[in-house]
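Enquirer:
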Amino acid sequence: MPVPCAVAFDYLADPRNRAEWQSSLARVEDVDGEPRVGQTWVDVTKPGLRPAMETTELDRPHRWTEIGTWRGFSATLTLTFTETPTGCAVEPTMTVRGRGLRAPLGAVLDALAPYAVRSDLRHAASMLAP
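Numbering (this note's numbering), first residue to last: 402 to 531.
Here's what the structure looks like:
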């Protein structure tokens with residue numbers, strides 16, 4: 402990203418900004434205060450799914466993790482920020498799991514999710530470009 406880690410971190414870790422850069426979201430609702438461990442919100446996806454989200458790790462400006470849960474599925478996203486000569490690198494780690502009969506679909510989503518996350522992060526980088 403063409404900005405320092407702190408700028409990218411603050412933008413990406415604030416759920417109020419999510420619908421601007423995350424392609425699957427229509428909006429975010431019920432944001433519980435400022436970014437912090439334990440902050441909760443609801444992602445409202447374009448298809449109408451409403452996963453409950455929570456920040457589980459926040460080490461500004463180095464690392465941020467969220468978990469989302471919805472009807473037997475859970476998804477964990479960690480973003481790791483590293484300074485570069487031209488701004489920062491943001492490395493995503495994403496896992497999607499399904500419980501019970503949802504496990505096979507969870508495995509498929511787990512394989513596809515990194516592509517969507519990287520695309521969304523490229524979009525965020527373009528939004529942060531001076």
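The C-beta atom is built at its ideal place from N, Cα and C for all residues, glycine as well. This one's a predicted model, so the numbers in the text were calculated from it and none came from an experiment.
Let me make sure I understand the geometry here. Which of G434, L459, E455, L450 has the alpha-carbon closest to that of A481?
Expert: Position 80 of the sequence shown, counting from 1, holds the residue named residue 481. The sequence shown places Thr at residue 481, rather than the Ala named in the question. Checked all of G434, L459, E455, L450; the closest Cα to T481 is L459.
Enquirer: Short of 6 Å in beta carbon distance, which residues of its chain neighbour P462, apart from the five on each side in sequence? Order them along the chain.
Expert: By one-based count along the sequence shown, residue 462 stands at place 61. So the qualifying residues of the chain are C406, A407, F410, F482.
Enquirer: Assign D444 to buried or exposed, taking buried as 16 or more other Cβ atoms, counted over all protein chains shown, within 10 Å of its Cβ.
Expert: As a first step, residue 444 must be located in the sequence shown, where it is residue number 43. Buried, by the Cβ-count rule.
Enquirer: Between which two residues does the alpha helix (DSSP H) carrying L502 extend?
Expert: As a working mapping, residue 502 is identified with position 101 in the sequence shown. No alpha helix (DSSP H) holds L502; DSSP gives it neither H nor E.
Enquirer: For E455 and T477, which I take to be in contact (beta-carbon distance under 8 Å), what is that distance rounded to the nearest angstrom?
Expert: Numbered from 1 along the sequence shown, position 54 holds the residue referred to as residue 455. Numbered from 1 along the sequence shown, position 76 holds the residue referred to as residue 477. Actually they are not in contact, since the Cβ atoms of E455 and T477 sit about 10 Å apart, beyond 8 Å.
Enquirer: Are three or more beta carbon pairs between the region 515-531 and the region 430-437 nearer than 8 Å?
Expert: The region 515-531 is not in contact with the region 430-437.
Enquirer: Can you tell me which of T485, D415, P403, A526 puts its alpha carbon nearest to the alpha carbon of T466?
Expert: Translated into the one-based positions of the sequence shown, residue 466 becomes position 65. It is D415 whose Cα lies nearest to the Cα of T466.
Enquirer: Starting from R428, trace the beta strand (DSSP E) in both directions and tell me its first and last residue.
Expert: Translated into positions along the sequence shown, residue 428 becomes position 27. 426-430 is the span of the beta strand (DSSP E), which, as asked, contains R428.
Enquirer: For the beta strand (DSSP E) holding L450, just list the boundary residues, first then last.
Expert: Translated into the one-based positions of the sequence shown, residue 450 becomes position 49. Note, L450: premise wrong, no beta strand (DSSP E); not H, not E.
Enquirer: For T494 and T479, which I take to be in contact (beta-carbon distance under 8 Å), what is that distance rounded to the nearest angstrom?
Expert: Taking the first residue of the sequence shown as 1, we reach residue 494 at position 93. Taking the first residue of the sequence shown as 1, we reach residue 479 at position 78. The pair is a contact, with the Cβ atoms about 4 Å apart (cut-off 8 Å).
Enquirer: Between the C-alpha atoms of R503 and R428, what's the straight-line distance to the nearest angstrom?
Expert: By 1-based counting over the sequence shown, the position of residue 503 is 102. By 1-based counting over the sequence shown, the position of residue 428 is 27. Roughly 26 Å separates the two Cα atoms.
Enquirer: Thinking C-beta only, is V518 closer than 8 Å to G507?
Expert: For the purposes of this step, residue 507 is identified with residue 106 of the sequence shown, where counting begins at 1. For the purposes of this step, residue 518 is identified with residue 117 of the sequence shown, where counting begins at 1. Result no, Cβ atoms of G507 and V518 do not sit closer than 8 Å.
Enquirer: Residues in its own chain within less than 6 Å of Q423 by CB, not counting five upstream and five downstream?
Expert: By 1-based counting over the sequence shown, the position of residue 423 is 22. Contacts found: D521.
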